[in-house]
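What follows is one structure encoded as structure tokens, with my remarks underneath.
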Amino acid sequence: MDTRDTPEQAELRRTARQLARQLGPRTVADLDEGKRTRRLAEAVRSAGWLELRQDSGHGGPLASGVEAAIIAEALGEAVADVSFAGPLLGADLARRAGARPIDGAVVAFAPDLIDAARVSGPSTTLPIYAVDCDGQTPGSAYVLVPEGAGYRLAQVRVEGASEGSDLTRVIRRLPAGTPLLPVPNQSRLLTSADLDSWATLGLTLTSADLVGLMRGVLGLTVSYARERRQYGVPIGSFQAVQHLLAEALCLMEGAFSATLHPSWAVDERAPAEARNAGRLAKAYCARAARTVCETAVQVHGGMGNTWDCIVHVYLRRVLLSSQWFGDDGEHLWQLQRARLGATHGFS
Amino acid sequence: MDFRDSPEEAEFRQRFRAWLAKNNPGLPVSSTDDEYWARQAEWHTALYDAGFFGLSWPSRFGGHDLPPVFDVILDEELAAAGAPPRPSLGYLVQGIATHASDAVKGRFLPGLISGRERWCQGFSEPDAGSDLASLRTTATLEGDKYVIHGHKIWTSYSDVADWCFLLARTDPTVPKHKGLSAFAVSMHQPGIGQRPLRMINGITKEFGQVLFDGARAPAENMIGAPGEGWRVAMTIVSHEREPGEVGYVARYAKTVRDLEEVVRADPNAFRSDQREAVAWAYVQAEMLRLHVRRRLSERLDGIDHGPGGSIDKILMTWVEQSVGSAALSVAGSRALIDSDDLGLKIYLYSRAQSVMGGTSQIQKNIIATRILGLPSA
Chain A
16 MDTRDTPEQA ELRRTARQLA RQLGPRTVAD LDEGKRTRRL AEAVRSAGWL ELRQDSGHGG
76 PLASGVEAAI IAEALGEAVA DVSFAGPLLG ADLARRAGAR PIDGAVVAFA PDLIDAARVS
136 GPSTTLPIYA VDCDGQTPGS AYVLVPEGAG YRLAQVRVEG ASEGSDLTRV IRRLPAGTPL
196 LPVPNQSRLL TSADLDSWAT LGLTLTSADL VGLMRGVLGL TVSYARERRQ YGVPIGSFQA
256 VQHLLAEALC LMEGAFSATL HPSWAVDERA PAEARNAGRL AKAYCARAAR TVCETAVQVH
316 GGMGNTWDCI VHVYLRRVLL SSQWFGDDGE HLWQLQRARL GATHGFS
Chain B
10 MDFRDSPEEA EFRQRFRAWL AKNNPGLPVS STDDEYWARQ AEWHTALYDA GFFGLSWPSR
70 FGGHDLPPVF DVILDEELAA AGAPPRPSLG YLVQGIATHA SDAVKGRFLP GLISGRERWC
130 QGFSEPDAGS DLASLRTTAT LEGDKYVIHG HKIWTSYSDV ADWCFLLART DPTVPKHKGL
190 SAFAVSMHQP GIGQRPLRMI NGITKEFGQV LFDGARAPAE NMIGAPGEGW RVAMTIVSHE
250 REPGEVGYVA RYAKTVRDLE EVVRADPNAF RSDQREAVAW AYVQAEMLRL HVRRRLSERL
310 DGIDHGPGGS IDKILMTWVE QSVGSAALSV AGSRALIDSD DLGLKIYLYS RAQSVMGGTS
370 QIQKNIIATR ILGLPSA
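Protein sequences, first through last, are from chains A and B. Positions 16 to 362 (the working numbering) are the ones given, in order, by the first sequence. Positions 10 to 386 (the working numbering) are the ones given, in order, by the second sequence.
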């Protein structure tokens, strides 16, 4: 048992953080800087990171959940406005169905953004949402089509404007009546165990993103508290402020420790066990990240409540990463069902 | 990164599990019951004699020279079996191993590790709590012995201890942090008085007060050099703050399992907020178990006596108090009708965790200034 990074993982962590810091937005205005975002997207693509969950040719993905989580955390830390988890989850789902990956395809979700969209019939009947797709070009999203005891993959065309409140990732609404197109060359139906494993990857990537967001926003906020002066001294010298930031650091460290486990377990443990690890990490990370971001807004004072202060970019992304694959409320409820035998939510 | 047991770890886990199946003393949840404290020594020696205690400590002192992660396995198996946690004295071992002379280590570590000699920790005083360095207990050299006068409080197991790890002022003329020294003081001598403390959950066996009135310690029983007491104390408290060192993970996991069992017997008899409190306690306890795995893995790079223990202490406190709240929530009105209710005792005991070993406020000061690099107030 050794939860440390291997030398290769440590190197990936360094590289990913450096790339994300270099090309991620420093200010809110940077978000509109097309040249930078294109360079960032190109860097992520040419590093091969979007292919990590494609088939290696030896019956598994090219890289484990640990590597995927390392990159997700680095991108979160720099609040990097680039599509990563979306296409990774698309490729992972396609691999489990034995299908050749469709370039850049993401997954479409039910309106709660927790489960992959399930569609029977020739077109969608409710609006569904493609999450974390490419901001520039039209593409595809996978949906699940029930068949026998499992699911077959189909794809829908994704285009149009971004609708989400997260300023760094693109959500596209696909209206009811969007036609389903076939996904060629699927060699097997997806089982519920496949979907458990896939959801564990989703829980891992969103948890790792939240850990990175906490790390990033805490760094910004600590720097601000060192510089911002009131009563003639830095506000970071006041214990009332220090204790908020100290609590935030503890939350981030606990969240990091909890997230390492599903990032490893997704490829190494039985699907249900791994998903349980993912659920508890996500429940912890979602609560922690919300608190850490709210602390960051508070310590930034009035400026923290303005559009031009980058802190709300972190908070908005935290809200999406929390809800995507389920937040603390969702997973505490699922844990009650699984571990306590609860059958209804209110009594 | 690999969460799997290595072959050696798996073998150890199996061996310990098999031993535990036959040797679980079935003690009540620790910290809530005097019976636990009364029989803790017995449990310590049973673990030690079977080869399951002091795993990561040097074999020349009775340990097993194993990597620190073996302690995680021990804690996990104790929790799974519902057995009491391992005795928490790793921080005293770290203090002696880091600062004491070879002679002192050779004299005291074997008995401390084997449980043949029991220890208490004489740091806090009625007027020196968070401000530990202002302590007033004195140790004055007379011939080849130090003579000790003072009043210690929150001294765990003082009534059964053979030795006290004492922090005392040996030089009143220098700044307060520089005039302290640490000693091993025999508890079996005249000049030592005991006063038990009754805690808010009713237990009387854990904490005591000790009055030193002319007790003596040979000069060779000093731990570290004269004036090194503050550094010794900081080594000890930094490890006292680490859940991997104190083994509480097993206690939290056991309590959570017990609570889950109560709810599972009739889940819809509990409100959603009660069930959610238990689910959250589970999430917290698991987080801490994984955090300890991470910290003890990091120790493979070498032991760090730094301020990181304060982060761990805050996490451990949040976990204990979440578990305590869940216990109270599940108990419902029983906690009010029956003053012996276990849920009530667990809850009441949990409130001490944000005070003992350095208050949460002190930990946050340390984290802010020494880890985050914020300016001192």
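Note that beta-carbon positions come from the ideal geometry of N, C-alpha and C, so glycine has one too.
Where the alpha helix (DSSP H) containing residue 122 (chain B) begins and where it ends: Counting from 1 along the second sequence, the entry for residue 122 (chain B) is found at position 113. Start and end: 111–123.
Run through DSSP, which three-state label would residue 166 (chain B) get? Start at 1 with the first residue of the second sequence, and residue 166 (chain B) comes out as number 157. Residue 166 (chain B) falls in the coil class under three-state DSSP.
Nearest-angstrom Cα separation, counted from residue 343 (chain A) out to residue 362 (chain A): Walking along the first sequence from the start, residue 362 (chain A) turns up at place 347. Walking along the first sequence from the start, residue 343 (chain A) turns up at place 328. Reliability of the predicted coordinates at residue 362 (chain A) is poor, the pLDDT of 43 falling under 50, and no value is obtained from them.
Grab me the residues of residue 258 (chain B)'s own chain with a C-beta within less than 6 Å of its C-beta, minus the 5 sequence neighbours each way, in chain order. Here residue 258 (chain B) refers to the residue found at position 249 when the second sequence is read from its first residue. Cβ neighbours of residue 258 (chain B) beyond the five flanking positions: 84, 252, 297, 298, 301.
Residue 151 (chain A) - DSSP class collapsed to helix/strand/coil: The residue labelled residue 151 (chain A) in the question sits at position 136 within the first sequence. Here residue 151 (chain A) sits in coil by DSSP.
Since residue 353 (chain B) is in the alpha helix (DSSP H), which residue starts that stretch and which ends it? Start at 1 with the first residue of the second sequence, and residue 353 (chain B) comes out as number 344. First-last of the alpha helix (DSSP H) with residue 353 (chain B): 351–359.
Span separating the alpha-carbon of residue 237 (chain A) from that of residue 319 (chain A): Residue numbering aside, residue 237 (chain A) sits at position 222 when the first sequence is read from its first letter. Residue numbering aside, residue 319 (chain A) sits at position 304 when the first sequence is read from its first letter. The C-alpha of residue 237 (chain A) lies about 13 Å from the C-alpha of residue 319 (chain A).
Just to confirm, is the Cβ distance from residue 122 (chain B) to residue 52 (chain B) under 8 Å? Numbered from its first residue, the second sequence carries residue 122 (chain B) at position 113. Numbered from its first residue, the second sequence carries residue 52 (chain B) at position 43. Against a cut-off of 8 Å, the Cβ pair of residue 52 (chain B) and residue 122 (chain B) comes out as no contact.
Measure the CB-CB distance between residue 153 (chain A) and residue 172 (chain A) and report whether it falls below 8 Å. Within the first sequence, residue 153 (chain A) is the residue found at index 138, counting from 1. Within the first sequence, residue 172 (chain A) is the residue found at index 157, counting from 1. Cβ atoms of residue 153 (chain A) and residue 172 (chain A): closer than 8 Å.
By the criterion of Cβ-Cβ separation under 8 Å, what are the contact partners of residue 231 (chain A) in chain B? Stepping through the first sequence from its first residue, residue 231 (chain A) is reached at position 216. The contacting residues do not exist; residue 231 (chain A) stays about 14 Å from chain B at best.
Restricting to Cα atoms, I'd like to know which of A:130, A:291, A:333 is closest to residue 225 (chain A). By 1-based counting over the first sequence, the position of residue 225 (chain A) is 210. It is A:333.
Please report how far the alpha carbon of residue 221 (chain A) lies from the alpha carbon of residue 211 (chain B), in whole angstroms. Counting from one through the first sequence, the residue named residue 221 (chain A) turns up at place 206. Counting from one through the second sequence, the residue named residue 211 (chain B) turns up at place 202. Using only the alpha carbons, I get a separation of about 45 Å.
Complete beta strand (DSSP E) runs within the region 115–176 of chain A (minimum length 3 residues, chain order): For the region 115–176 of chain A, whole beta strand (DSSP E) runs of length 3 or above, ordered along the chain, are 121–124, 143–148, 154–162, 165–173.
Do we get a CB-CB distance below 8 Å when we pair residue 291 (chain B) with the residues of chain A? To locate residue 291 (chain B), count along the second sequence from 1; it is residue 282. Yes, residue 291 (chain B) counts as interfacial toward chain A.
Quick one: using the 10 Å Cβ neighbour count with 16 as the cut-off for buried, is residue 200 (chain A) buried or exposed? The residue given as residue 200 (chain A) occupies position 185 in the first sequence. Residue 200 (chain A) is exposed by the Cβ-count criterion.
Could you tell me whether the Cβ of residue 315 (chain A) comes closer than 8 Å to any Cβ of chain B? Here residue 315 (chain A) refers to the residue found at position 300 of the first sequence. It does not; no Cβ of chain B falls within 8 Å.
Assuming residue 223 (chain B) is part of the beta strand (DSSP E), what are its boundary residues? Start at 1 with the first residue of the second sequence, and residue 223 (chain B) comes out as number 214. From DSSP, the beta strand (DSSP E) with residue 223 (chain B) extends over 216–227.
Enumerate in chain order the residues of its own chain whose CB-to-CB distance from residue 249 (chain B) is below 6 Å, with the five nearest sequence positions on each side excluded. As a working mapping, residue 249 (chain B) is identified with position 240 in the second sequence. If we look at residue 249 (chain B) and ignore the five residues flanking it on each side, its Cβ neighbours are 100, 366.
Does the distance from the C-beta atom of residue 117 (chain A) to that of residue 189 (chain A) stay below 8 Å? As a working note, residue 117 (chain A) is residue 102 in the first sequence. As a working note, residue 189 (chain A) is residue 174 in the first sequence. In this structure, residue 189 (chain A) does not lie closer than 8 Å to residue 117 (chain A) by Cβ.
Please look up how many angstroms separate the CB atoms of residue 85 (chain A) and residue 28 (chain A), rounded, as I've assumed it's under 8 Å. To locate residue 85 (chain A), count along the first sequence from 1; it is residue 70. To locate residue 28 (chain A), count along the first sequence from 1; it is residue 13. At roughly 5 Å, the Cβ-Cβ gap stays under 8 Å, so residue 85 (chain A) and residue 28 (chain A) are in contact.
With 8 Å set as the bound, which would you pick, yes or no: does the beta-carbon of residue 265 (chain A) sit closer than that to a beta-carbon of chain B? Here residue 265 (chain A) refers to the residue found at position 250 when the first sequence is read from its first residue. With 8 Å as the cut-off, residue 265 (chain A) counts as an interface residue toward chain B.
First through last residue of the alpha helix (DSSP H) which encompasses residue 222 (chain A): Sequence index remark: in the first sequence, residue 222 (chain A) carries index 207 (1-based). Start and end: 207–242.
Tell me, please, whether the CB atom of residue 19 (chain A) is closer than 8 Å to any CB atom in chain B? Numbered from 1 along the first sequence, position 4 holds the residue referred to as residue 19 (chain A). Chain B contact via Cβ: present.
If you measure from the beta carbon of residue 140 (chain B) to each beta carbon in chain A, is any gap under 8 Å? Taking the first residue of the second sequence as position 1, residue 140 (chain B) is located at position 131. Judged by the 8 Å Cβ criterion, residue 140 (chain B) is not in contact with chain A.
Skipping 5 residues on each side, what residues in its chain have a beta carbon closer than 8 Å to that of residue 264 (chain A)? As a working note, residue 264 (chain A) is residue 249 in the first sequence. Excluding residues within five positions, the ones whose Cβ falls inside 8 Å are 233.
Inter-residue CB distance, residue 166 (chain A) and residue 205 (chain A) (contact presumed, cutoff 8 Å): Numbered from its first residue, the first sequence carries residue 166 (chain A) at position 151. Numbered from its first residue, the first sequence carries residue 205 (chain A) at position 190. Contact holds; Cβ gap of about 4 Å.
Can you tell me whether residue 47 (chain A) is buried or exposed, with buried defined as 16 or more other CB within 10 angstroms of its CB? Along the first sequence, one-based indexing puts residue 47 (chain A) at 32. By the neighbour-count rule (16 or more Cβ atoms within 10 Å), residue 47 (chain A) is not buried but exposed.
Buried/exposed call for residue 382 (chain B), threshold 16 Cβ in 10 Å: In the second sequence, counting from the first residue as 1, residue 382 (chain B) sits at position 373. Exposed, because fewer than 16 other Cβ atoms sit within 10 Å of the Cβ of residue 382 (chain B).
Whole angstroms are fine: how far does the CA of residue 145 (chain A) sit from the CA of residue 178 (chain A)? Reading the first sequence from its first residue, position 163 is the one you call residue 178 (chain A). Reading the first sequence from its first residue, position 130 is the one you call residue 145 (chain A). For residue 178 (chain A) and residue 145 (chain A), the distance between alpha carbons rounds to 10 Å.
Assigned exposure category for residue 345 (chain B) - 16 Cβ within 10 Å defines buried: Here residue 345 (chain B) refers to the residue found at position 336 of the second sequence. Label assigned to residue 345 (chain B): exposed.
Tell me, which residues are paired with residue 186 (chain A) by DSSP? Sequence index remark: in the first sequence, residue 186 (chain A) carries index 171 (1-based). A:146.
Just to confirm the assignment, what range does the alpha helix (DSSP H) spanning residue 8 (chain B) have? Past the edges of chain B, shown from 10 to 386, lies residue 8 (chain B), and the structure says nothing about it.
Span of the alpha helix (DSSP H) around residue 23 (chain A): Here residue 23 (chain A) is taken as the residue at index 8 of the first sequence, counted from 1. Here the alpha helix (DSSP H) through residue 23 (chain A) covers 22–38.
For residue 155 (chain B), which beta-bridge partners are listed by DSSP? Position 146 of the second sequence holds residue 155 (chain B). Per DSSP, B:150, B:226.
Looking only at its own chain, which residues have a Cβ that is under 7 Å from the Cβ of residue 167 (chain B), when we skip the five neighbours before and after it? Here residue 167 (chain B) corresponds to residue number 158 of the second sequence, with the count starting at 1. Annotation for residue 167 (chain B): 129, 203, 217, 219 place their beta carbon closer than 7 Å to its own, counting only its chain and skipping 5 residues before and after.
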